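Trainee:
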Amino acid sequence: FAVARDLRNEKHHVIAVIGDGALTGGMAFEGLNNIGELATPLIVVLNDNEWSISPNIGAITRYLTKLTTSRVYRAFERDVYELLGKLPKGLRAQEGARRIKEGLQNLVVPGILFEDLGLKYFGPIDGHDLDVLEETLRDLRRFERPVLLHVVTRKGKGYGPAESDAGTFHGVGVFDPESGATAKSTKKTYTQVFGEAAVEIADRIPRAVAVTAAMTDNTGLKAFAEKYPERFFDVGMAEEHGVTFSAGLAAGGMLPLCTIYSTFLQRAFDQIIHDVAVQDLHVVLCVDRAGLVGEDGAPQHGAFDVGYLRMVPGMILMAPKNGEELRDMLWTAAQQSGRPVAVRYPRANVPEESLPARAPRILEIGVAEQLRAGGDVAIVALGTMVLPALAAAEQLAQDGISATVVNARFACPLDERVIPGLARSVGRIVTVEENVPMGGFGSAVSECLGRHQLSATPHLRLALPETFVTHGKRDELLKLVGLDTAGIARRVLDWVKTQQRQDIHQRQFS
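Counted the way full-length UniProt numbering counts, the sequence shown spans residues 1 to 510.
Here is the structure:
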């Protein structure tokens, strides 16, 4: 915006706002470095509340804390401004005072990071004092260079429950506004099942470690962090580094469970290829929030991970139909070697009322599971779509359509025996996935059919739409995009009826 303003010879002011959590990411410093080089007028507001979703960690956080808590600096800053008010108004006096302040500032707070990057630093100020904030922003408009205003705020300010539990209220669902109590579900979430399985793996595999990017609580790793603090690593809001850090751990003989939301793992695609896959490193990518995430909205949906992960050579990509299978898949992932493994799972409750108390089952790589037999159509579903597809098959039976249902389990490698076998025996295939169609699971099945000279097999691909899906409750969104049980049944019924009519027509004129 600032450079575009300059190129268009416009005179308005531009303000960029960044949180201290995001400041731990490399792209933030790439931008700050570029700002300092361009030296164009720009106001950067750093909102420092010591949180992203989990409490912020790392050297940058310690640096900001030092800035906000240095008594010497704050007292010195106050004294300098008082002195400035008493000095003569001549330019030399003001300039001398400014130089003295800047020189001592660098002594009191060594190596002012933002100043070294070319931004004039101001602050910290109370971000909840609107009068001071407005006055400061007005004053900063006079600078003909980049400036950074350090604003200190408190996450959840003004609402007691949010102030005391900022993590829960970062992405809160239904809650009582009086008490702050959130609605409790009797079922576990996939994230909770993952967290429990991660601790189980760490209990039995001493080299297992967990890595997350500023998401300790929300990725289910709180218990792991408490039980094995020396084997738990929060790298801050820096997914690219988190993946490369995991690669280093794997190269050093550890078993990293790198746990990142699907939408944020996109940032680390280059690192997945160059730092993990090319090196044949056993990194387990635990891909949380895969598929539709509900109220978090379009940027948060995990709609692309099947496509961008299955294209990576050597990658194993699994998706569970329920909580029990998620546990099995995590243990299966932990038992591999010499290649990356990814497990994708949704922001949702598991379908089971409770998980059976049994030892984890190690799955055979690339082998699907047939759940139902039928002769009119074969529905091959991935992950969260398996149980809706199974229920849809029951509805189709009421309309006279007999359906086979297969739990794919693996997006890659595919089951190269079952899928061609279905094409030959049933003759019609439907794939169902909670991912966009381009490059997704349906594409993988089409490619498989092509490899076996079965490209002519009628194939209906049900997937997320080729648009950015809006926000809303997860169940409502699945209905909206036709991936609920009724939507799957309706679309398969219409397609099979059309196929049957075409078959009759071809036989009549052949």
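Using N, Cα and C, we set each Cβ at its ideal position, and we do this for glycine too.
This structure is a prediction, so every number in the text was calculated from the model and none was measured.
Can you grab the Cα-Cα spacing for the pair CYS448 / ILE419, in whole Å?
Mentor: The alpha-carbon atoms of CYS448 and ILE419 are separated by roughly 8 Å.
Trainee: Please check the pair LEU326 and TYR345, which I expect to be a contact at CB under 8 Å, by giving their CB distance rounded to whole angstroms.
Mentor: Going by Cβ atoms, the distance from LEU326 to TYR345 rounds to 6 Å, so yes, they are a contact pair.
Trainee: Between which two residues does the alpha helix (DSSP H) harbouring PRO388 extend?
Mentor: From DSSP, the alpha helix (DSSP H) with PRO388 extends over 386–398.
Trainee: Tell me the DSSP secondary structure of GLN335 in three-state form.
Mentor: Of the three classes helix, strand and coil, the one that applies to GLN335 here is coil, per DSSP.
Trainee: Sorted by chain position, which residues of the same chain lie with C-beta nearer than 7 Å to GLN499's C-beta, five sequence neighbours on each side aside?
Mentor: Cβ within range, chain order: ARG428 and PRO458.
Trainee: Using beta-carbon positions only, say whether THR463 and GLY440 come within less than 8 Å of one another.
Mentor: Going by the sequence as given, residue 463 is Ala instead of Thr. In contact: ALA463 and GLY440 (Cβ atoms closer than 8 Å).
Trainee: Considering Cα atoms alone, identify which of GLU324, LYS497 and ASP288 is closest to ASP376.
Mentor: The option with the nearest alpha carbon to ASP376 is LYS497.
Trainee: So within the region 197–259, which uninterrupted beta strand (DSSP E) runs reach at least 3 residues, ignoring any that extend past its ends?
Mentor: Segments of the beta strand (DSSP E) lying fully in the region 197–259: 208–212 and 232–234.
Trainee: In whole angstroms, what is the alpha-carbon distance linking PHE468 and ALA268?
Mentor: Between PHE468 and ALA268, the C-alpha separation is close to 21 Å.
Trainee: Keeping to the same chain, check which residues put their C-beta closer than 7 Å to that of LEU390; ignore five residues upstream and five downstream.
Mentor: Excluding sequence neighbours, LEU390 sits near LEU371, ARG372 and VAL405.
Trainee: Under three-state DSSP, which class holds VAL469?
Mentor: Looking at VAL469 - three-state DSSP - the assignment turns out to be coil, as it is neither helix nor strand.
Trainee: Quick check on ALA303: does DSSP put it in helix, strand or coil?
Mentor: Of the three classes helix, strand and coil, the one that applies to ALA303 here is coil, per DSSP.
Trainee: Does the distance from the C-beta atom of PRO340 to that of GLY366 stay below 8 Å?
Mentor: No, Cβ-Cβ distance for PRO340 and GLY366 is not below 8 Å.
Trainee: Over the uninterrupted beta strand (DSSP E) stretch that includes LYS120, give me the two end residues.
Mentor: Start and end: 120–126.
Trainee: Below 6 Å CB to CB, which residues in the same chain sit around TRP495 once its five sequence neighbours on both sides are set aside?
Mentor: Answer for TRP495: LEU460, listed in chain order.
Trainee: What are the partner residues of ASN47, as DSSP defines its beta bridges?
Mentor: GLY19 and VAL151, per the DSSP bridge assignment.
Trainee: Within 10 angstroms of its Cβ, does ASN218 collect 16 or more other Cβ (buried), or is it exposed?
Mentor: Buried, by the Cβ-count rule.
Trainee: Count the other CB atoms within 10 Å of the CB of ALA381; is the residue buried (16 or more) or exposed (fewer)?
Mentor: With 16 or more other Cβ atoms within 10 Å, it is buried.
Trainee: Is GLY236 near ALA213, with beta carbons less than 8 Å apart?
Mentor: Yes.
Trainee: Once you ignore the five residues that flank LYS222 on each side, which residues in its own chain have a CB closer than 8 Å to its CB?
Mentor: Once the five neighbours on either side are set aside, the close Cβ partners of LYS222 are GLY195 and THR216.
Trainee: Look up GLN279 in the DSSP assignment and say whether it is helix, strand or coil.
Mentor: Three-state result, GLN279: coil.
Trainee: Could you pull out every residue in the same chain whose Cβ sits closer than 8 Å to the Cβ of GLU466, ignoring the five residues on either side in sequence?
Mentor: Only VAL436, PRO437 and MET438 meet the Cβ criterion.
Trainee: With a threshold of 16 other CB atoms inside 10 Å of the CB of GLY158, please say whether the residue is buried or exposed.
Mentor: Classification for GLY158: exposed.
Trainee: At a cut-off of 7 Å, would you count LYS497 as near the ligand MG, judging by its Cβ distance to the nearest heavy atom?
Mentor: For the structure depicted, the ligand MG is absent and the ligand set is empty, with no information on it obtainable.
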